[in-house]
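Numbering of the sequence shown is given in our numbering, commencing with residue 16 and proceeding in unit increments. For each residue, glycine too, the CB sits at the ideal point set by N, CA and C. From a predicted model like this one, the values you see are computed outputs, not experimental measurements.
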Amino acid sequence: MTLLCGFDIGGTKCAVVLARRTDDSVEIIHKVKFPTPSTSDLTLARLSQELTGFLRNNPDAGLSAIGISCGGPLDSKRGLILSPPNLPGWECVDIVTSFQKAFSVPVALQNDANACALAEWKWGAGRGYENMVFLTFGTGMGAGLILDGRLFTGTNDMAGEVGHVRLAEDGPSGYGKAGSFEGFCSGGGIGRLARERARELLLQGNAPGFCPNEEAIASVTAETVAIAASSGDPAARAIYAEVGHMLGRGLAVLIDILNPQRIVIGSIYARQRNLLEQPVLDVLKRESLSLSLSVCTIVPAGLGEHVGDFASLSVAEHALAAR
């Protein structure tokens, strides 16, 4: 039994995923999650411990590669994690070399958006496409780019940072910039936008049903607004229409510049497609080049809520292919 191993490193939790390679996909056979330890040394030790323990208990299993998915910034070519904001104290951590020495297999590192793009391209909604864009649209907004049949990372792994693009002169902040793509199209951004719009309505004496008073505003999130919108609340539906409009503007830029065949969007878009899809399509018809739009489809992530489980495995698969 030949296996791929994926390490998913996050600010609050980590996961070790092991999968058996099949003819055209992978089958996950083992997964363990644990809170992210306080230091990089402790985290690497725990990841190694979990993998070693599994291999010891399954002597017929042969490890073929390890893939690591982690938030950026990082240097994938040198295997370095470069002080991500959600991992304080991780200063220039050489994560690839340590696992190469410990397990004697190919090891590769990618940021989480790139890893998810690889997963959707290999096993999800992007399978079979030469030019694909994956958008995270979750806690933040980032992109992974598959161009001409390969992952495109840019000069220093900063390609795809679409969340930093400003879509309006003013608006909710995301990625350190007011009115940015991430400001409008992320979980935190939608919550901030909803609270802002609710306060405007309260000042006008027209309190929204989902948020009837100032005290309730503090608890508003993207999810609570989505629930209200799905129940028909007009103010909540207006907020998601605004988010869809801005998502459409961001997608129009990507379509005009990159000319992709498919844009795959994860997390919030997959869950709230019924609220977002029509505003997105309306904007795209007005804003994007018709020839480029005619060859591009916009779909939710094919791997759904499990895309993160497959992301690090796709990096391991990528490491094998590049060997």
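Exclusion of the five residues before and after residue 36 leaves 17 and 19 as the residues of its chain whose Cβ lies within less than 7 angstroms of its Cβ. In this model, residue 190 and residue 74 are separated by some 46 angstroms (Cα to Cα). For residue 54, there is no enclosing alpha helix (DSSP H), as DSSP marks it with neither H nor E.
Across the set 217, 127, 241 and 292, the C-alpha of 127 shows the shortest separation from the C-alpha of residue 24.
Non-local beta-carbon contacts of residue 322 in its own chain, meaning distances under 8 angstroms to residues more than five positions away in sequence, involve 131, 134, 135, 139, 281 and 316 in chain order.
Residue state for residue 300 is assigned as helix, using DSSP reduced to three classes.
Take residue 245, set aside five residues on each side of it, and no residue of its chain has a beta-carbon closer than 6 angstroms to its own. For residue 222, same chain residues with a beta-carbon under 7 angstroms away, outside a window of 5 residues either side, are 216 and 228 in chain order. Listed as beta-bridge partners of residue 287 by DSSP are no residues whatsoever. For the options 51, 234, 119 and 45, the alpha carbon positioned closest to that of residue 335 is the one of 119. With respect to residue 83, residue 22 sits close: the two C-beta atoms are nearer than 8 angstroms. Here residue 308 has 270 and 299 as same chain residues with Cβ atoms under 7 angstroms from its own Cβ, once five neighbours each way along the sequence are excluded.
Shown here, residue 261 sits in a helix according to DSSP, grouped into three states.
In this structure, DSSP gives residue 252 a helical state, which the three-state scheme calls helix. Comparing alpha carbon positions, the residue from 53, 80, 303 and 54 closest to residue 66 is 80. Within the model, the alpha-carbon separation for residue 42 versus residue 34 is close to 5 angstroms. Nearest to residue 85 by C-alpha distance, out of 211, 68 and 110, is 110.
Spatial neighbours of residue 51 in its own chain (CB-CB distance under 8 angstroms, excluding positions within 5 residues in sequence) are listed in chain order as 24, 25, 26, 27, 28, 29, 58 and 102.
In the pairwise beta carbon analysis, the region 168-184 is classified as touching the region 145-160: at least three pairs are separated by under 8 angstroms.
Distances from the alpha-carbon of residue 306 to those of 158, 208, 183 and 267 put 267 closest. With a beta-carbon spacing of about 4 angstroms, residue 290 and residue 255 fall inside the 8 angstroms limit used to define contacts. Counting other Cβ atoms within 10 Å of its Cβ, residue 205 reaches 16 or more and is therefore classed as buried. Residue 187 is positioned such that its CB atom lies no closer than 8 angstroms to that of residue 196.
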